[in-house]
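Asker: Attaching a single structure in structure tokens format; questions to follow.
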Amino acid sequence: MTVAAPVSPPSSVDPAGRRIVVTVVAIQLSCCLGFFSVMAHLVAHLRHDLGLMAGTAGLILGARTGLQFALLLPVGALTDLIGARRTGVIACVVRAAGFALLGTAESVGALLCAAVVIAVGGALYNPAAQSLLAGAGPHQAGGFAAYVTAQHVATVAGPPVGLALISLQPGFALLTGAAGAMWAVSGGLFLLLPRTPRRPVPFRGVLPGVRAVLGDRSFLLFALMTAPTTLLANHIMTAVPLLGFTPVAATLCFCVLAAIAAAAQPFVAAGRRGERPWVLRAGLLCAAGAFFVLAPLDGTEVAPLMIAAVLNGVANGLIQPSIFQRVTRHAPPERFGSYYGVLAFCAGMFSFVCEILAGQLFDLGPAGATAALVGVGTFALVAAVGTRGP
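Just so you know, we're using the numbering used here here: the sequence shown kicks off at 1 and counts up by one.
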């Protein structure tokens with residue numbers, strides 16, 4: 001959002017920051033459209049096309065999430081060292097290769113290999129994009145709102161696009177090939193970003209940056225208490241297909257939650273509301289409600305599924321920008337990648353373990369599925385109670 005004011009001082013005009021925001025938002029839209037068009041249909045592909053058990057599918061999905069966020073611990077600090085622009089280009093090339101590999105994988109070993117490559121690309125992409133936004137000056141808050149909104153617009157458009165592509169020959173391979181092409185285009189867009197001058201510093205590895213964050217006890221406590229947020233954002237995309245909902249119902253669910261989340265972004269971005277503790281707590285409580293609504297469903301009740309989608313959408317719309325705003329306020333600009341890496345590492349490891357356990361519970365039948373979803377909702381409640389102010 002741009003506000004024109006004749007009395008604004010010249011220093012408030014920042015064309016470079018605006019260019020960064022526009023380019024990063026375009027990159028985000030392309031990347032997320034490719035990502036969510038595949039991820040919305042990946043569980044169905046693993047279960048129905050390849051005949052994998054829920055536990056095996058959960059292992060593959062969990063491996064991708066766990067490794068991606070585990071790598072963020074060193075990669076966040078590495079981004080500070082080599083620059084966000086260069087990191088972003090590498091990320092897109094690696095992810096494009098990962099999706100190409102996923103489209104041809106049929107064995108569990110090949111699927112895990114594809115998951116590893118996709119995880120590496122994702123680990124490189126997130127700190128690169130968010131570090132660029134964190135340095136966008138006066139456009140930072142509005143830029144992140146547009147960035148997350150682009151993600152949710154792609155989440156709305158991605159599942160129907162994926163559904164259309166997967167209905168054509170050669171099906172899933174065509175879908176993953178299209179996703180890889182979108183990531184390749186995004187890599188080219190990173191090259192259009194202006195080069196930002198950086199003070200030359202001797203390379204001493206990534207450990208100093210990580211140690212600096214680990215020594216910040218207040219931030220570390222915040223990272224631990226918000227660890228369930230990645231699980232809360234992602235697990236619904238695994239749970240809905242495993243509960244037995246049709247691809248059409250699942251696609252509708254994902255589109256509704258994404259649209260709600262995108263609509264919430266301007267509210268959270270305005271006046272840096274995300275820094276207020278109640279915003280994050282409200283998001284966590286909505287996430288808890290979404291999984292409690294999902295818990296007793298058996299794949300036939302579409303109306304409760306839509307209620308869960310709305311609650312999850314509100315949760316994502318409140319949680320994501322709130323965490324970003326609180327990190328950018330707390331982290332020194334030259335250490336943003338390191339702070340983001342530690343925060344995402346905690347969230348990713350938590351999500352990895354819980355995805356594996358949830359897959360095992362789903363294999364036990366309806367009672368196990370209910371227990372898994374109630375457990376996820378309970379984690380959200382605990383995080384809401386434990387999260388304090390900045």
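Beta carbons are placed, not taken as given, at the ideal position from N, Cα and C, and that holds for glycine.
What is the residue span of the alpha helix (DSSP H) that ARG86 lies within?
Answerer: One-based indexing of the sequence shown puts residue 86 at position 86. Element bounds for ARG86: 84-104.
Asker: By how many angstroms is the C-alpha of GLN360 removed from the C-alpha of ALA258?
Answerer: Taking the first residue of the sequence shown as 1, we reach residue 258 at position 258. Taking the first residue of the sequence shown as 1, we reach residue 360 at position 360. Roughly 28 Å separates the two Cα atoms.
Asker: If you follow the alpha helix (DSSP H) that ARG335 is part of, which residue opens it and which one closes it?
Answerer: By one-based count along the sequence shown, residue 335 stands at place 335. ARG335: not part of any alpha helix (DSSP H); DSSP gives it neither H nor E.
Asker: So, with DSSP's three-state summary, where would you put GLN68?
Answerer: Sequence index remark: in the sequence shown, residue 68 carries index 68 (1-based). Looking at GLN68 - three-state DSSP - the assignment turns out to be helix.
Asker: What does the Cβ neighbour count give for PRO202, buried or exposed, with the cut at 16 atoms within 10 Å?
Answerer: Here residue 202 corresponds to residue number 202 of the sequence shown, with the count starting at 1. Confidence in PRO202 is poor, its pLDDT being 46 and thus under 50, which makes the residue's placement too unreliable to answer from.
Asker: Comparing alpha-carbon positions, which option in HIS41, ALA358, GLY365 lies nearest VAL161?
Answerer: As a position in the sequence shown, residue 161 is number 161, starting the count at 1. Among HIS41, ALA358, GLY365, the Cα nearest to that of VAL161 belongs to HIS41.
Asker: Could you have a look at GLN325 and say whether DSSP puts it in helix, strand or coil?
Answerer: Position 325 of the sequence shown, counted from the first residue, corresponds to residue 325. Residue state, collapsed to three classes: helix.
Asker: Go ahead and label ALA119 buried or exposed: buried means 16 or more other beta carbons lie within 10 angstroms of its beta carbon, across all protein chains shown.
Answerer: Reading the sequence shown from its first residue, position 119 is the one you call residue 119. Burial call: buried.
Asker: Assuming ALA150 contacts LEU232 (C-beta within less than 8 Å), just tell me the rounded distance between them.
Answerer: Start at 1 with the first residue of the sequence shown, and residue 150 comes out as number 150. Start at 1 with the first residue of the sequence shown, and residue 232 comes out as number 232. Contact flag wrong, Cβ pair sits at about 21 Å.
Asker: Figure out for me which residue from GLY215, LEU305, PHE267 has the closest Cα to the Cα of CYS255.
Answerer: Against the sequence shown, residue 255 aligns to sequence position 255. If we check each option's Cα against that of CYS255, LEU305 comes out closest.
Asker: Could you name the residues of the same chain whose beta carbon sits closer than 8 Å to that of PRO200, not counting the 5 residues immediately before and after it, in chain order?
Answerer: Here residue 200 is taken as the residue at index 200 of the sequence shown, counted from 1. With a pLDDT of 46 at PRO200, under the threshold of 50, the predicted position of this residue should be treated as unreliable, though the coordinate-derived value follows. Residues of the same chain with their beta carbon placed closer than 8 Å to that of PRO200 are lacking, with the five preceding and five following residues left out of the count.
Asker: Nearest-angstrom Cα distance between THR328 and VAL268?
Answerer: Taking the first residue of the sequence shown as position 1, residue 328 is located at position 328. Taking the first residue of the sequence shown as position 1, residue 268 is located at position 268. Between THR328 and VAL268, the C-alpha separation is close to 15 Å.
Asker: Can you tell me whether LEU193 is helix, strand or coil according to DSSP?
Answerer: In the sequence shown, residue 193 corresponds to position 193, counting from 1. Correct three-state label for LEU193: coil.
Asker: What residue does the alpha helix (DSSP H) around LEU222 start on, and which one ends it?
Answerer: The residue labelled residue 222 in the question sits at position 222 within the sequence shown. Reading off the sequence shown, one finds Phe at residue 222, where the question assumed Leu. Its alpha helix (DSSP H) spans residues 217-225.
Asker: Which same chain residues, not among the five before or five after VAL117, have their C-beta less than 7 Å away from its C-beta?
Answerer: Numbered from 1 along the sequence shown, position 117 holds the residue referred to as residue 117. Once the five neighbours on either side are set aside, the close Cβ partners of VAL117 are VAL94, ALA97, GLY98, LEU101.
Asker: Excluding sequence positions up to five away, which residues of its chain have a Cβ less than 6 Å from the Cβ of LEU111?
Answerer: Counted from its first residue, the sequence shown places residue 111 at position 111. Within the same chain, LEU111 has close Cβ partners ILE60, ALA105.
Asker: Three-state secondary structure (DSSP) at GLY171?
Answerer: Here residue 171 is taken as the residue at index 171 of the sequence shown, counted from 1. Coil, per DSSP.
Asker: Please state whether DSSP places GLU355 in a helix, a strand or coil.
Answerer: Position 355 of the sequence shown, counted from the first residue, corresponds to residue 355. GLU355 falls in the helix class under three-state DSSP.
Asker: Can you give the Cα-Cα distance for TYR381 and VAL153, rounded to whole angstroms?
Answerer: Here residue 381 corresponds to residue number 381 of the sequence shown, with the count starting at 1. Here residue 153 corresponds to residue number 153 of the sequence shown, with the count starting at 1. The sequence given here has Leu at residue 381, not Tyr. Distance between the alpha carbons of LEU381 and VAL153 is about 28 Å.
Asker: Judging by CA-CA distance, which residue of LEU46, VAL25, ARG326, VAL24 is the nearest neighbour of ARG276?
Answerer: Walking along the sequence shown from the start, residue 276 turns up at place 276. Nearest of LEU46, VAL25, ARG326, VAL24 to ARG276, Cα basis: ARG326.
Asker: State the Cα-Cα distance for the pair ILE20 and PHE69, rounded to the nearest angstrom.
Answerer: Taking the sequence shown and counting its residues from 1, one reaches residue 20 at position 20. Taking the sequence shown and counting its residues from 1, one reaches residue 69 at position 69. So the two alpha carbons sit approximately 25 Å from each other.
Asker: Measure the beta-carbon distance from SER322 to MET182 and round it to whole angstroms, keeping in mind my assumption that it falls under 8 Å.
Answerer: Reading the sequence shown from its first residue, position 322 is the one you call residue 322. Reading the sequence shown from its first residue, position 182 is the one you call residue 182. For a cut-off of 8 Å, the C-beta gap from SER322 to MET182 is around 28 Å, too long to register as a contact.
Asker: Quick check on THR300: does DSSP put it in helix, strand or coil?
Answerer: Your numbering for residue 300 matches position 300 in the sequence shown. Note: THR300 maps to coil in three-state DSSP.
Asker: Going straight from the alpha carbon of LEU477 to that of PRO228, what length do you get?
Answerer: With the chain running from 1 to 390 in the structure shown, residue 477 is simply not present.
Asker: Compare the beta carbon distance of LEU318 and ALA308 with 9 Å and say whether it is the shorter of the two.
Answerer: Position 318 of the sequence shown, counted from the start, is the residue given in the question as residue 318. Position 308 of the sequence shown, counted from the start, is the residue given in the question as residue 308. Taking 9 Å as the Cβ cut-off, LEU318 and ALA308 do not qualify as a contacting pair.
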